[in-house]
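**Student:** This is the structure I want to talk about, given as structure tokens.
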Ligand SMILES: C[S@@+](CC[C@H](N)C(=O)[O-])C[C@H]1O[C@@H](n2cnc3c(N)ncnc32)[C@H](O)[C@@H]1O
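Structure (structure tokens):
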């Protein structure tokens, strides 16, 4: 398992280097454009994760003092920033989004579990930075927080995420957040409601990126069940909480076993993982 993860990491690093070289050679005559795009996406990452403003975390998880290391790994819930996934997982999202753009993997991007919208805003910013007009970003959420545990899913028994009002962000607030960056337009679509109700008939078409951040067994399993088959070959499946939420990991492991998915799991930051769908 460890060896598999390491070879996957190495492969991914080599792909990143190759991608950087491709970007360099493709845009070497557009040096200024490349530099400005890089600065824009770095700036967006800093704003969306709050690492620029160093906003203190919400007290829900303990400390209320900004700590750069916690924000790097997404271990706190920011009081102001528009995403809680931290710099590493946000950077990973950019890497994979760029990868599918360069490899022309068909499909839209979706996140299931958007909170204040930060990761989706970053995806829309990436499309903007590359002038992509034929893909959409889908933001799926109840916009009311997490569901109480359903007895049908014993893995969620005792889960208390639904009691945190901090996790309930109304859709109007999320749309306003997109607007603040000038990124609310027809390339952004919202799926409001519980995943079990909104995902089965969601009018998405193929997906190049499926990012799951619903924390619970039920939320993760619903996303996999209704969206996995829409992910294009060569697209990416990202699981935000795989290493920290037992129910989430169980849903992913069960789904992979059930569908005989052998694609290598690659670590992001000790919390999130992803794999590339090869078949
Ligand atoms: C951890 S937050 C997502 C963080 C976000 N990705 C970010 O960039 O900061 C989890 C979100 O998932 C949503 N959620 C979890 N389970 C859900 C479900 N079954 N149906 C709809 N929304 C759900 C919650 O409302 C919440 O906004």
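Residue numbers (my numbering): 22 to 300.
Ideal placement from N, C-alpha and C gives every residue a C-beta, glycine not left out.
This structure is a prediction, so every number in the text was calculated from the model and none was measured.
Output yes or no for whether 7 Å exceeds the beta carbon distance between residue 76 and residue 101.
**Tutor:** The answer is yes: Cβ separation under 7 Å.
**Student:** Residue 233: beta carbon under 6 Å from a heavy atom of ligand 1?
**Tutor:** no
**Student:** For residue 208, collect the residues of the same chain with a Cβ closer than 6 Å to its Cβ; drop the 5 residues on either side in sequence, then sort them by chain order.
**Tutor:** 157
**Student:** Would the segment 112 to 120 and the segment 81 to 99 be scored as touching if the rule is three or more Cβ pairs under 8 Å?
**Tutor:** no
**Student:** Does DSSP put residue 121 in a helix, a strand or coil?
**Tutor:** helix
**Student:** Answer yes or no: do residue 220 and residue 234 have a C-beta to C-beta separation smaller than 7 Å?
**Tutor:** no
**Student:** Would you check if the distance between the CB atom of residue 218 and the CB atom of residue 236 is smaller than 7 Å?
**Tutor:** no
**Student:** Mind pulling the alpha helix (DSSP H) runs of 4 or more residues that sit fully within the segment 258 to 289?
**Tutor:** 267 to 279
**Student:** So, with DSSP's three-state summary, where would you put residue 132?
**Tutor:** strand
**Student:** Evaluate residue 73 with the Cβ neighbour count: other Cβ atoms within 10 Å of its Cβ, from every protein chain shown; 16 or more gives buried, anything less gives exposed.
**Tutor:** exposed
**Student:** Rank 67, 184, 124 by C-alpha distance to the C-alpha of residue 111 and give the top, closest one.
**Tutor:** 67
**Student:** With DSSP collapsed to three states, give me the class of residue 106.
**Tutor:** coil
**Student:** Select from 65, 280, 285 the residue whose C-alpha is nearest the C-alpha of residue 30.
**Tutor:** 285
**Student:** Hey, out of 202, 65, 256, 168, whose CA is closest to residue 189's CA?
**Tutor:** 168
**Student:** Provide the residue span of the alpha helix (DSSP H) that contains residue 196, from first to last.
**Tutor:** 192 to 201
**Student:** Say the cut is 6 Å; is the CB of residue 105 nearer than that to a heavy atom of ligand 1?
**Tutor:** yes
**Student:** With DSSP as the reference, please indicate the residues paired to residue 295 in a beta bridge.
**Tutor:** 259, 287
**Student:** Shortest alpha-carbon distance to residue 164 belongs to which of 211, 78, 277, 121?
**Tutor:** 211
**Student:** Where do the N-terminal and C-terminal ends of the alpha helix (DSSP H) with residue 10 fall, by residue?
**Tutor:** Look at the range of the chain in this structure, 22 to 300, and you will see that residue 10 is not part of it.
**Student:** Identify whether residue 64 lies in helix, strand or coil by the three-state DSSP scheme.
**Tutor:** helix
**Student:** Would DSSP call residue 161 helix, strand or coil?
**Tutor:** strand
**Student:** Taking the alpha-carbon of residue 8 as reference, which of 201, 97, 175, 172 has the nearest alpha-carbon?
**Tutor:** With the chain covering only 22 through 300, there is no way to say anything about residue 8.
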